[in-house]
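Protein chains: 2
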Amino acid sequence: MKIAISDSQLTEMMHRAGVRPSVQRVAILSYVANSGRHPTADEIYSDLAAHYPTLSRTTVYNTLHTLADAGLLRELEIESGNMHYDLAPQPLHSHFICRKCGRIFDMTMPEGLSSAATPGFTIDSVDLYFKGCCPDCLNSDH
Amino acid sequence: MKIAISDSQLTEMMHRAGVRPSVQRVAILSYVANSGRHPTADEIYSDLAAHYPTLSRTTVYNTLHTLADAGLLRELEIESGNMHYDLAPQPLHSHFICRKCGRIFDMTMPEGLSSAATPGFTIDSVDLYFKGCCPDCLNSDH
DNA sequence: TAAGAATATTGTAATCATTACAAAGTTATG
DNA sequence: CATAACTTTGTAATGATTACAATATTCTTA
């Protein structure tokens with residue numbers, strides 16, 4: 001996996017967010033940031049357990065919550081029964097999940113979505129999810 | 143609960159959708175259609191079990207899937223760990239969930255959202271979710 | 001730098017929504 | 001009416017997530 005965001009950058013982000021950058025936390029944040037995907041807790045655990053043999057599933061869950069609460073990760077509820085994670089501090093975008101292969105893709109985010117909300121409601125997050133078939137699966141289909 | 147959509151209307155909808163309108167299915171669809179909320183499987187089961195003592199939780203789950211597959215219900219993945227259900231054949235709208243009281247509200251749906259998707263992707267559903275604080279909770283807060 | 005306090009990690013056991021499955025019941029069709 | 005197709009039911013399993021308590025690590029400050 002190509003490292004697009006270095007551990008020192010991530011450590012710095014964690015400091016600014018008030019989260020102590022333990023080895024495990026940096027590893028988990030780095031995994032999400034650099035996986036090029038939108039992994040689940042279990043994918044993160046399985047892949048990192050090879051490198052960090054003492055890593056616990058509970059730590060992965062704890063850490064994901066901590067990082068999400070700190071605003072460093074974004075939780076994607078795009079697939080029922082499996083929370084997916086995405087690095088938060090990047091241009092706001094929407095997500096597409098392929099019903100066939102299950103992969104999640106980034107899409108652009110239209111402007112001014114919040115105006116769809118009724119006045120009187122305070123909005124602190126907006127999630128836009130598309131579902132359908134990705135180009136790869138459309139091709140391998142016919 | 144005020145009945146806005148009659149059982150005969152729902153039965154007719156089920157016929158058109160190719161779903162056999164059993165007693166249980168009509169009861170479940172009617173519950174979702176007329177609850178004024180966006181209930182979970184468990185809420186549906188708990189409330190209907192009083193009227194239909196032999197009703198099984200499995201039937202509720204089976205039926206919700208059947209109705210969703212037939213396009214009569216829409217599944218809302220707005221709250222992690224709890225699928226919520228909404229009547230599908232009504233004007234497309236988005237949803238807001240209050241982080242405090244957990245209630246789900248209907249909001250309008252902006253036009254042309256699909257244009258946010260990258261070309262080459264086939265979109266068959268669009269979900270827009272807002273999270274925040276509802277007016278009631280904002281008031282009882284201060 | 002050592003001691004004590006605060007915080008993080010770990011492993012196991014529980015929880016809880018959902019699904020699998022097989023038996024029993026119901027409805028449609030010929 | 002008989003048979004096949006479909007639906008409902010209850011129980012048992014699954015699987016993601018959480019609770020909890022013990023251990024380990026890090027921070028503070030004397």
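As given, the protein sequences belong to chains A and B, one line each in that order. Here the first sequence is numbered in my numbering, starting from 1 and rising by one per residue. Here the second sequence is numbered in my numbering, starting from 143 and rising by one per residue. Heads up, the beta-carbon is just placed ideally off N, CA and C, and yes, glycines get one too. Just so we're clear, the structure is a prediction, and the values are computed from it rather than from any experiment.
Residue i: contacting residues in chain A (beta-carbon distance under 9 Å)
i, result
"residue 282(B)", "Within 9 Å Cβ-Cβ: nothing; residue 282(B) doesn't reach chain A, min ~13 Å."
"residue 265(B)", "96, 130, 131, 132 and 133"
"residue 252(B)", "110, 112, 113, 115 and 116"
"residue 262(B)", "134, 135 and 138"
Per-residue contacts from residue i into chain B (C-beta, under 7 Å)
i, result
"residue 117(A)", "238, 249 and 272"
"residue 126(A)", "272"
Proximal residues of chain B, C-beta to C-beta of residue i below 8 Å
i, result
"residue 71(A)", "None at all; the shortest Cβ gap to chain B is about 14 Å."
Cut-off 8 Å between Cβ atoms - residues of its own chain near residue i, not counting five sequence neighbours on either side
i, result
"residue 41(A)", "57, 60, 61, 64, 83 and 85"
"residue 15(A)", "21"
"residue 244(B)", "221"
"residue 52(A)", "23, 24 and 27"
"residue 66(A)", "19 and 25"
"residue 5(A)", "30, 33, 34 and 87"
"residue 89(A)", "13, 71 and 72"
"residue 279(B)", "240, 242 and 243"
The ligand MG heavy atom lying under 7 Å from the CB of residue i
i, result
"residue 81(A)", "This structure lacks the ligand MG, and indeed carries no ligand of any kind."
Residues of its chain near residue i, where Cβ-Cβ distance is below 7 Å and the 5 sequence neighbours each way are ignored
i, result
"residue 87(A)", "32, 33 and 73"
"residue 149(B)", "168 and 172"
"residue 153(B)", "163 and 168"
"residue 256(B)", "265 and 268"
"residue 282(B)", "none"
Close beta carbons around residue i, own chain, < 6 Å, minus the five adjacent residues each side
i, result
"residue 49(A)", "55"
"residue 117(A)", "123"
"residue 238(B)", "247, 249 and 272"
"residue 3(A)", "34"
"residue 210(B)", "217"
Worksheet entry | Residues within the segment 8-34 of chain A neighbouring chain B, beta-carbon criterion of under 8 Å | For the segment 8-34 of chain A, the set of residues with a beta-carbon nearer than 8 Å to any beta-carbon of chain B is empty.
Fill in: the segment 160-172 of chain B in contact with the segment 98-110 of chain A per 3-pair CB rule at 8 Å
Flag = no, the segment 160-172 of chain B and the segment 98-110 of chain A do not touch.
Worksheet entry | Every unbroken beta strand (DSSP E) inside the segment 66-137 of chain A [3 residues or more] | As far as the segment 66-137 of chain A is concerned, its whole beta strand (DSSP E) runs of at least 3 residues are 73-79, 82-87, 94-98, 104-107 and 122-133.
Worksheet item: What are the residues of the segment 74-94 of chain A that lie near chain B, defined by any Cβ-Cβ distance shorter than 9 Å?
Response: So the list reads 75, 77, 78, 79, 80, 81, 83, 93 and 94, given in the order they occur along the chain.
Worksheet item: Do three or more CB pairs link the segment 264-272 of chain B to the segment 126-142 of chain A at distances below 8 Å?
Response: They touch, by the three-pair rule.
Worksheet item: Which ranges does the alpha helix (DSSP H) cover as unbroken runs of at least 4 residues, wholly within the segment 5-40 of chain A, from first to last along the chain?
Response: The qualifying runs are 7-17 and 23-34.
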